[in-house]
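A short worksheet on the structure shown next.
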Amino acid sequence: MADLHFLANPARFRRFSQRVLPSLGFATVLMLAFGLYMAFFVAPADYQQGQTVRIMFLHVPSAWLSMGGYALLAGLGASLLVWRHPLAALMARAAAPVGASFAAVCLLTGSLWGRPMWGTYWVWDARLTSMLLLFFLYLGHIALSRAYDEPERGDRSAAILALVGVINLPIIKFSVDWWNTLHQPASVTRLDAPAIHNSILIPLLWMAVSLLFLFIFLVLVRTETEIDRRRLENAAVQEEEAAA
Amino acid sequence: MSGFTALLVRDLRLVWRRPGDVGVVLAFFVVAVVLFPLGIGPETNTLQRIAAGVLWCAALFAALLSLERLFAADYEDGTLDLLLLAPWPLELAALAKCTSHWIVTGLPLSLLAPVLGVAFGLDGGSLLALFATLLIGTPTLSLIGGLAAALTLGARKSGALLALLALPLCVPTLIFGAGAVETLAAGEGLWTHLAILGALALVALATTPWAIAAALRQAGE
Chain A
5 MADLHFLANP
15 ARFRRFSQRV
25 LPSLGFATVL
35 MLAFGLYMAF
45 FVAPADYQQG
55 QTVRIMFLHV
65 PSAWLSMGGY
75 ALLAGLGASL
85 LVWRHPLAAL
95 MARAAAPVGA
105 SFAAVCLLTG
115 SLWGRPMWGT
125 YWVWDARLTS
135 MLLLFFLYLG
145 HIALSRAYDE
155 PERGDRSAAI
165 LALVGVINLP
175 IIKFSVDWWN
185 TLHQPASVTR
195 LDAPAIHNSI
205 LIPLLWMAVS
215 LLFLFIFLVL
225 VRTETEIDRR
235 RLENAAVQEE
245 EAAA
Chain B
1436 MSGFTALLVR
1446 DLRLVWRRPG
1456 DVGVVLAFFV
1466 VAVVLFPLGI
1476 GPETNTLQRI
1486 AAGVLWCAAL
1496 FAALLSLERL
1506 FAADYEDGTL
1516 DLLLLAPWPL
1526 ELAALAKCTS
1536 HWIVTGLPLS
1546 LLAPVLGVAF
1556 GLDGGSLLAL
1566 FATLLIGTPT
1576 LSLIGGLAAA
1586 LTLGARKSGA
1596 LLALLALPLC
1606 VPTLIFGAGA
1616 VETLAAGEGL
1626 WTHLAILGAL
1636 ALVALATTPW
1646 AIAAALRQAG
1656 E
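These protein sequence lines are chains A and B, in that order. Numbered as in my numbering, the first sequence ends at 248 without a single skipped number. Numbered as in my numbering, the second sequence ends at 1656 without a single skipped number.
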């Protein structure tokens, strides 16, 4: 973390990200293309689930990234509250919708996968429900950070919320698991392979890394946009003050 | 500790002088609960099954409804600035505000819920379980809701935002609160659920006052 402190200055971060972004974007496209090729053409179809198992290559990494994204929000929130890093606020603002999108992708692909496998778009499965609640936590963070006339207040409120949310996530997860065993008469059979075969594991991990690249790319681009937006707003305020 | 009691007594006295504010919340609770049999139908079996969930959800909504004003009045008339300057910890002030909220909403809701439960055909044991879970669970709602209220202080559309922030965080309490009555009906013991509700309340008690105080500090800046 200490080595990253030099990036706390938005102007320095901008120089850094402008140098990194083109090659990162290029790498992301290449990796995603190869990952999707592996997922669709190289990985074998499941003997039980058929072709639908390929949804997993998008579904599972999205779930991982949406959870990691919330941890990132909490980390950024802590560094905003503790060190008052101006960049942490902008990056949290940039990262929250990206994380929420990954959660939404996870929910949508899960629902599309559930239709052929479980016969319904939605079951109150513990994992689905906790992912839905994570999505709601993201929505709360996004709404709160944009609910104030002074953006700094929204940033700090959202930072506190992210920290509280990250403490609560394991509790929510645990209680939803418990609730599910109370209510669910074990109608959902999941794919209970004792170990995933390499022919599936390798494309899955490859897709996870490429989507991680995509995540980082999107967050960096959106952080740049947030820096520009904040500058424009400040400039507009100064202009108004000068005119008055 | 004197600051804590002073603030608590002051808040309770304010409510005492305008009892209508509490009355509206309790009336909302009753009306919301009564709507469910009207919407779902009067079959006793169905009503018995959904009773705990309905009463718990309605209590959650009623508690949230009254939370919007928890810090807002103090924020608008400058009391909050005085609390920030006061020589005793802001965390205690936050705890006092949540305690007073619980006394004027959580406690009456816990007492009222079993009465409504009778109308849903719950038996004596279930009514007692309902009362016990609400009594242990509503402090958590007051604390988490207090945090949401502090975070949304001065925000646009703070009421809807407050609900969006607080509801996902209240899910564990809801699950174990409403679940307790159901496990009792299934012939299992109640203690696990009550113990977990107590644990949730203690976690909330140990964490939220600090978060509320942090939120209030940045609202006062």
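Don't be surprised by glycine CBs; every beta carbon is placed ideally from N, CA and C. Here the structure is a predicted model, which is why all the values come from computation and not from measurement.
So is E237/A buried or exposed if we call it buried at 16+ other beta carbons inside 10 Å? Classification for E237/A: exposed.
Candidates G1612/B, A1621/B, A1595/B, P1524/B: which alpha carbon is nearest L1651/B's? Of the listed residues, the one whose Cα sits closest to L1651/B is P1524/B.
Could you check whether the Cβ of W128/A sits closer than 8 Å to any Cβ belonging to chain B? No, its Cβ sits nowhere closer than 8 Å to a Cβ of chain B.
Assigned secondary structure, D159/A (DSSP; H/G/I helix, E/B strand, else coil): The three-state secondary structure of D159/A, taken from DSSP, is helix.
Does the beta carbon of T1573/B come closer than 8 Å to any beta carbon on chain A? The beta carbon of T1573/B sits no closer than 8 Å to any beta carbon of chain A.
Neighbouring residues, chain A, relative to K1592/B (Cβ below 8 Å): The answer, in chain order, is A151.
Amino acids of chain B, ordered along the chain, whose beta-carbon sits closer than 7 Å to that of R88/A: Result: empty, since nearest Cβ-Cβ is about 11 Å, beyond 7 Å.
Quick check on this structure: which residue in I1610/B, P1603/B, S1593/B has the alpha carbon closest to the alpha carbon of L1569/B? Of the candidates I1610/B, P1603/B, S1593/B, the one whose C-alpha sits nearest the C-alpha of L1569/B is I1610/B.
Which complete beta strand (DSSP E) runs does the stretch 108 to 150 of chain A hold, if anything under 3 residues is left out? Here no run is fully enclosed.
Could you tell me whether the stretch 138 to 154 of chain A touches the stretch 1579 to 1599 of chain B, where touching means 3 or more Cβ pairs closer than 8 Å? When C-beta atoms of the stretch 138 to 154 of chain A are compared with those of the stretch 1579 to 1599 of chain B, three or more pairs fall below 8 Å, so the two segments count as touching.
Mind listing which residues of the stretch 1598 to 1624 of chain B have their C-beta closer than 8 Å to chain A's C-betas, in chain order? From the stretch 1598 to 1624 of chain B, only L1599, L1600, L1602, P1603, L1604, V1606, P1607, I1610, F1611, G1614, E1617, T1618 have a Cβ closer than 8 Å to chain A.
From the DSSP output, in three-state form, read off D1558/B for me. In this structure, D1558/B counts as coil in the three-state DSSP scheme.
According to DSSP, is G1633/B helix, strand or coil? Residue state for G1633/B is assigned as helix, using DSSP reduced to three classes.
At the level of alpha carbons, what is the spacing between I1571/B and L141/A? Between I1571/B and L141/A, the C-alpha separation is close to 25 Å.
State yes or no: is the beta carbon of W68/A nearer than 8 Å to at least one beta carbon in chain B? Not an interface residue.
Across which residues does DSSP place D50/A in a beta bridge pair? Looking at the DSSP assignment, D50/A forms a beta bridge with G54/A.
For V1457/B and Y1510/B, I'd like the C-alpha separation in whole angstroms. The alpha-carbon separation between V1457/B and Y1510/B amounts to approximately 20 Å.
Report yes or no: do the stretch 120 to 136 of chain A and the stretch 1541 to 1555 of chain B share at least 3 C-beta pairs separated by less than 8 Å? The stretch 120 to 136 of chain A vs the stretch 1541 to 1555 of chain B: no contact.
Do the stretch 30 to 38 of chain A and the stretch 64 to 79 of chain A meet, that is, are 3 or more Cβ pairs less than 8 Å apart? No, they do not touch.
Closest residue to A1508/B among Q1653/B, L1637/B, E1623/B, L1588/B (Cα-Cα distance): Relative to A1508/B, the option among Q1653/B, L1637/B, E1623/B, L1588/B whose CA is nearest is L1588/B.
What does a CB cutoff of less than 6 Å around M95/A pick up in its chain, not counting 5 residues either side in sequence? L80, T227.
For the alpha helix (DSSP H) containing V1539/B, list its first residue and its last residue. Note, V1539/B: premise wrong, no alpha helix (DSSP H); not H, not E.
DSSP state of F1506/B, grouped into three classes? DSSP places F1506/B in coil when its eight states are reduced to three.
Buried or exposed for Y152/A, going by 16 or more other Cβ atoms inside 10 Å? Taking a 10 Å sphere around the C-beta of Y152/A, we find 16 or more other C-beta atoms and assign the residue as buried.
Count the C-beta pairs between the stretch 203 to 217 of chain A and the stretch 54 to 61 of chain A that are closer than 8 Å, then say yes if the count reaches three, no if not. When Cβ pairs closer than 8 Å are counted between the two stretches, the stretch 203 to 217 of chain A is seen to touch the stretch 54 to 61 of chain A, the count reaching three or more.
Just verifying my parser: in three-state terms, what is the DSSP assignment at R23/A? In the structure shown, R23/A sits in a helix (DSSP, three-state: H, G or I).
Within 10 angstroms of its Cβ, does P48/A collect 16 or more other Cβ (buried), or is it exposed? Exposure of P48/A is indicated by the presence of fewer than 16 other C-beta atoms within 10 angstroms of its C-beta.
7 Å Cβ cut-off: residues of chain A touching L1586/B: Neighbours of L1586/B on chain A, chain order: L148, S161, I164, L165.
How many Å lie between L1632/B and K1592/B at the Cα? Distance between the alpha carbons of L1632/B and K1592/B: 31 Å.
Please return the same chain residues whose Cβ sits closer than 6 Å to the Cβ of V1616/B, not counting the five positions on each side in sequence. Counting only residues of its own chain and dropping the five nearest sequence neighbours on each side, V1616/B has a CB closer than 6 Å to the CB of A1487, S1561, A1564, L1565.
By Cβ distance, which residues of its chain are closer than 6 Å to A269/A, with the 5 residues on each side in sequence left out? The requested residue 269/A does not occur in the structure, where chain A is confined to residues 5 to 248.
Under the three-state reduction of DSSP, which class applies to K177/A: helix, strand or coil? Per DSSP, reduced to three states, the secondary structure at K177/A is helical.
What residue range does the alpha helix (DSSP H) around G1594/B cover? Looking at the DSSP string, the run of the alpha helix (DSSP H) that includes G1594/B is 1593 to 1620.
Contact test: P26/A Cβ vs the ligand ZN heavy atom, cutoff 7 Å: Among the components modelled here there is no ligand, and therefore nothing to report on the ligand ZN.
Does the separation of the CB atoms of L69/A and A104/A fall below 8 Å? No. Outside cutoff.
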